[in-house]
Amino acid sequence: MTVTGDSEKVSDLVYLDYAATTPVDPRVAATMASMLTIDGDFANASAGHIAGRRSLARVTHALEQLGVLLNVAPDSLVFTSGATESNNLAITGAARYREHRGRHLITMPTEHKAVTDVFRALEKQGFDVTWLGPDERGVADIEALAQAIRDDTQLVSIMHVNNETGVIQDIATIGELCRQHDVLFHVDAAQSVGKLAIDLDSLHIDLLSMTAHKLYGPQGIGALYIADRPGCHVEPLLYGGGQQRGLRPGTMPISLIAGFGHAAEIAAHSMAADLAHLRALHTRLWSGIRDLPGIVVNGEIEHGYPGILNVSIADIEGESLLLALEPLCVATGSACNSQDQEPSYVLRALGRSDLLAQSAIRFSFGRLTNNEDIDFAIERYRQAVTRLRNLAPERAA
Amino acid sequence: MSIDPYSAEVRRLFANPRHAGDLGDVAEAYVDEQGIRIRLFASAKAGKIESLRFRAWGCPHVIAACEAFCETYEGRAIGDLTAFSAHELLRSLSIPVKKTGRILILEDAVRSLGQNIRDGSCQILLRD
Chain R
1038 MTVTGDSEKV SDLVYLDYAA TTPVDPRVAA TMASMLTIDG DFANASAGHI
1088 AGRRSLARVT HALEQLGVLL NVAPDSLVFT SGATESNNLA ITGAARYREH
1138 RGRHLITMPT EHKAVTDVFR ALEKQGFDVT WLGPDERGVA DIEALAQAIR
1188 DDTQLVSIMH VNNETGVIQD IATIGELCRQ HDVLFHVDAA QSVGKLAIDL
1238 DSLHIDLLSM TAHKLYGPQG IGALYIADRP GCHVEPLLYG GGQQRGLRPG
1288 TMPISLIAGF GHAAEIAAHS MAADLAHLRA LHTRLWSGIR DLPGIVVNGE
1338 IEHGYPGILN VSIADIEGES LLLALEPLCV ATGSACNSQD QEPSYVLRAL
1388 GRSDLLAQSA IRFSFGRLTN NEDIDFAIER YRQAVTRLRN LAPERAA
Chain S
276 MSIDPYSAEV RRLFANPRHA GDLGDVAEAY VDEQGIRIRL FASAKAGKIE
326 SLRFRAWGCP HVIAACEAFC ETYEGRAIGD LTAFSAHELL RSLSIPVKKT
376 GRILILEDAV RSLGQNIRDG SCQILLRD
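In the order they appear, the protein sequences are chains R and S. According to our numbering, the residues represented by the first sequence are 1038 to 1434, in order. According to our numbering, the residues represented by the second sequence are 276 to 403, in order.
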């Protein structure tokens, strides 16, 4: 099959879609590449021979690196294929494990599809789900959550950093509330692990989903943290060779796991510098476009995750805006699958009109973004908005 | 298999819509339907279309189709407007089937423009 498409190399583009995926850190790539061939640690970690034991040591080391990043015991982590699988395992697995106690679950409509679709599937299986509406910024109402918790509530799932808006939820307070009521608390932390400090030893979080490819690691590997405390466990979704205590069987992808571990180690050391860098970029970008008439921030400027700036703009058609922004690589306000031109359900939940939601652009940046990239984005965005507005006809009276 | 949702022709027309703008004191047609807004302007002389201009609010395919129409129909007979069919544009621009409805809105606008030139009117065709 011949696949044709855009001829530009990624290096010819300005990549501002770090919330979708980050490039792999060259140090991580080197670690992984060294493992793939006959001279590397490629063997099956379940094998009893020396090569297998070397691979197992790689797994153990990666678990330790993740444990340091999150301040947890390495054996509380289970590797998965990514955050989607981690979310599925956490939510479905916990719901089934605690089903005998009750079938009430709580989440928000602004969660990632990898969460909302799991809850919808559970609803079809007879579970009762409360969908907790956000405020106009996208933040969970703690009082409303407290009122929603019932005697039969078994699980609350609320993400840490919203993938579209960058809004940060108060997971410390929510965790305390859940613990008071003996309700499991799951956090989708795909956008925050390795970027914001998460001390699982001090937070009342029972289940936490993460993925490597948002923190300069490889795609195809993630993990689920499962707190070691009574009543906190998950039923497996897969059955097989018994690897990872039977919670996630299957041959472990050693090079991916090692890459994840290395990315976590780098993140632990560079997090403070990364955050300062992102704050400066965020301020620069917002300062450069905030005066455009009709511009609206989706999320929070002051208290959101500084790696994401999501803006809508009045009287602009989103698909044309996205094309006019090329070679800028950004995400639109359409659903998480960008092939889908439906307005974002997250932005609709924040009260945005269809028109405003579909004009949304999510700029997300990272460790490798520089001021020149941001200045290019500002110039391109302003040009595109002006051009499309000049092209549009006046509405008939 | 192309992974680009836009044909090279759509990209060319969208990037450089030479006919975007207004013509003063000439026949016009305006359509506002399904979230798409198109305004067409035409000057005509001796049964021929002299100049065409457009303004549009819509997706890249709509904007490219408006420009393609203007490029193609300047110099042609006025009667060609009332007989205009979007079929050729759909094919030549490789417009996805799911967007056919949007291009048919342009067809409505072009036919209305042709009628307005004949009538010497500036009728607005407005649906929502």
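Beta carbons: idealized from backbone N, C-alpha and C, even for Gly.
Rounded C-alpha distance that separates residue i from residue j
{"i": "A1080/R", "j": "T1320/R", "result": "47 Å"}
{"i": "A302/S", "j": "W332/S", "result": "20 Å"}
{"i": "Y1342/R", "j": "A1310/R", "result": "14 Å"}
{"i": "A1110/R", "j": "K373/S", "result": "52 Å"}
{"i": "N1374/R", "j": "E1201/R", "result": "The pLDDT assigned to N1374/R is 46, lower than 50, so where the model puts this residue is not dependable, and the model offers no usable value."}
{"i": "Q398/S", "j": "E1337/R", "result": "Bear in mind that the predicted position of Q398/S carries a pLDDT of just 47, short of 50, making it unreliable; the figure below should be weighed with that in mind. Straight-line Cα distance between these residues: approximately 46 Å."}
{"i": "A1181/R", "j": "T1144/R", "result": "12 Å"}
{"i": "E1136/R", "j": "L1359/R", "result": "45 Å"}
{"i": "P1171/R", "j": "Q1206/R", "result": "10 Å"}
{"i": "Y1276/R", "j": "V1096/R", "result": "21 Å"}
{"i": "G1175/R", "j": "G1254/R", "result": "28 Å"}
{"i": "L1329/R", "j": "H1223/R", "result": "39 Å"}
{"i": "P1063/R", "j": "E1409/R", "result": "22 Å"}
{"i": "G1060/R", "j": "K320/S", "result": "Checking the displayed sequence, the identity of residue 1060/R turns out to be Pro instead of Gly. The alpha-carbon atoms of P1060/R and K320/S are separated by roughly 59 Å."}
{"i": "F1413/R", "j": "D300/S", "result": "40 Å"}
{"i": "T357/S", "j": "A1429/R", "result": "24 Å"}
{"i": "L364/S", "j": "R1157/R", "result": "42 Å"}
{"i": "G336/S", "j": "N1407/R", "result": "Note that residue 336/S is His in the sequence shown here, rather than Gly. Straight-line Cα distance between these residues: approximately 33 Å."}
{"i": "N391/S", "j": "D355/S", "result": "13 Å"}
{"i": "L1169/R", "j": "P280/S", "result": "36 Å"}
{"i": "H1086/R", "j": "L1221/R", "result": "40 Å"}
{"i": "C1269/R", "j": "R1133/R", "result": "12 Å"}
CB of residue i within 7 Å of CB of residue j, strictly
{"i": "I1345/R", "j": "Y1418/R", "result": "no"}
{"i": "L1261/R", "j": "L1126/R", "result": "yes"}
{"i": "R330/S", "j": "R314/S", "result": "yes"}
{"i": "A1068/R", "j": "A1295/R", "result": "According to the sequence displayed, residue 1068/R carries Thr and not Ala. Yes, they are a contact pair."}
{"i": "S1229/R", "j": "S1123/R", "result": "no"}
{"i": "L1252/R", "j": "A1317/R", "result": "no"}
{"i": "L1053/R", "j": "V1367/R", "result": "yes"}
{"i": "T1248/R", "j": "A1151/R", "result": "no"}
{"i": "D1236/R", "j": "N1108/R", "result": "yes"}
{"i": "V1383/R", "j": "T1058/R", "result": "no"}
{"i": "I1179/R", "j": "T1210/R", "result": "yes"}
{"i": "K288/S", "j": "S318/S", "result": "For clarity, residue 288/S is Leu in the given sequence; the question names Lys instead. No; because the gap between Cβ atoms is not below 7 Å, this pair is not in contact."}
{"i": "L1093/R", "j": "L1142/R", "result": "no"}
{"i": "A339/S", "j": "L381/S", "result": "no"}
{"i": "G395/S", "j": "A352/S", "result": "no"}
{"i": "L327/S", "j": "C341/S", "result": "no"}
{"i": "N1361/R", "j": "A1421/R", "result": "Reading the sequence as shown, one finds Ala at residue 1361/R and not Asn. Yes."}
Own chain residues within Cβ distance below 6 Å of residue i, not counting five before or after
{"i": "I1332/R", "result": "V1348 and I1350"}
{"i": "G1265/R", "result": "The displayed chain sequence assigns Asp, not Gly, to residue 1265/R. Cβ neighbours of D1265/R beyond the five flanking positions: S1113."}
{"i": "G1130/R", "result": "V1271 and E1272"}
{"i": "A384/S", "result": "A304, V306, I313 and L315"}
{"i": "I1208/R", "result": "H1197 and V1224"}
{"i": "E284/S", "result": "L368"}
{"i": "H362/S", "result": "none"}
{"i": "E1160/R", "result": "V1166"}
Same chain only: Cβ atoms within 8 Å of residue i, ignoring 5 sequence neighbours per side
{"i": "T1041/R", "result": "Low per-residue confidence applies at T1041/R: pLDDT is 45, beneath 50, and the placement is therefore not dependable enough to give any value."}
{"i": "D1188/R", "result": "G1139"}
{"i": "E1302/R", "result": "Q1102, V1105 and L1106"}
{"i": "G1163/R", "result": "R1140"}
{"i": "L1100/R", "result": "P1111, D1112, L1114 and G1298"}
{"i": "R1426/R", "result": "D1352 and I1353"}
Partner residues on chain S for residue i, Cβ-Cβ distance less than 8 Å
{"i": "A1429/R", "result": "R312, R330, A331 and W332"}
Chain R contact residues for residue i, given Cβ-Cβ distances below 9 Å
{"i": "A343/S", "result": "Near A343/S there are no residues of chain R at all, since even the closest Cβ is about 15 Å away, more than 9 Å."}
{"i": "Y348/S", "result": "Within 9 Å Cβ-Cβ: nothing; Y348/S doesn't reach chain R, min ~19 Å."}
Chain-ordered chain S contacts of residue i [CB-CB under 7 Å]
{"i": "E1354/R", "result": "W332, G333 and C334"}
Chain R contact residues for residue i, given Cβ-Cβ distances below 7 Å
{"i": "A340/S", "result": "Near A340/S there are no residues of chain R at all, since even the closest Cβ is about 13 Å away, more than 7 Å."}
{"i": "A295/S", "result": "L1428"}
{"i": "F359/S", "result": "Neighbours of F359/S on chain R: none; closest Cβ ~19 Å, over 7 Å."}
Closer than 8 Å at the beta carbon, the chain R residues around residue i
{"i": "P292/S", "result": "L1428"}
Beta-carbon proximity list for residue i, same chain, < 7 Å, skipping 5 on both sides
{"i": "M1289/R", "result": "A1082, V1096, F1116 and Q1280"}
{"i": "F1400/R", "result": "L1053, L1322, L1346, V1367 and A1414"}
{"i": "T375/S", "result": "L365"}
Any non-hydrogen atom of the ligand ATP within 6 Å of residue i CB
{"i": "N1199/R", "result": "Among the ligands in the structure shown, none appear at all, so the ligand ATP cannot be discussed."}
Task: Uninterrupted beta strand (DSSP E) stretches inside the region 1222-1271 of chain R (no shorter than 3 residues) - done: Correct list: 1244-1248 and 1259-1263.
- [ ] Taking only runs that begin and end inside the region 1272-1328 of chain R, name each unbroken beta strand (DSSP E) of 3 or more residues, in chain order.
- [x] Qualifying beta strand (DSSP E) stretches: none in this window.
- [ ] Please go through the region 353-392 of chain S and give each complete beta strand (DSSP E) segment of 3 or more residues, from N-terminal end onward.
- [x] You should have found no qualifying run.
- [ ] May I have a chain-ordered list of the alpha helix (DSSP H) segments no shorter than 4 residues that lie completely inside the region 1168-1213 of chain R?
- [x] Segments of the alpha helix (DSSP H) lying fully in the region 1168-1213 of chain R: 1179-1185.
Open item on the list: Quick check for students: name the residue ranges of the alpha helix (DSSP H) that lie wholly in the region 1071-1119 of chain R, counting only runs of 4 or more.
Closed with: 1087-1107, all fully within the region 1071-1119 of chain R.
Task: Continuous beta strand (DSSP E) assignments of at least 3 residues falling wholly in the region 304-333 of chain S - done: Entirely contained in the region 304-333 of chain S, the beta strand (DSSP E) runs reaching 3 residues are, in chain order, 311-320 and 323-332.
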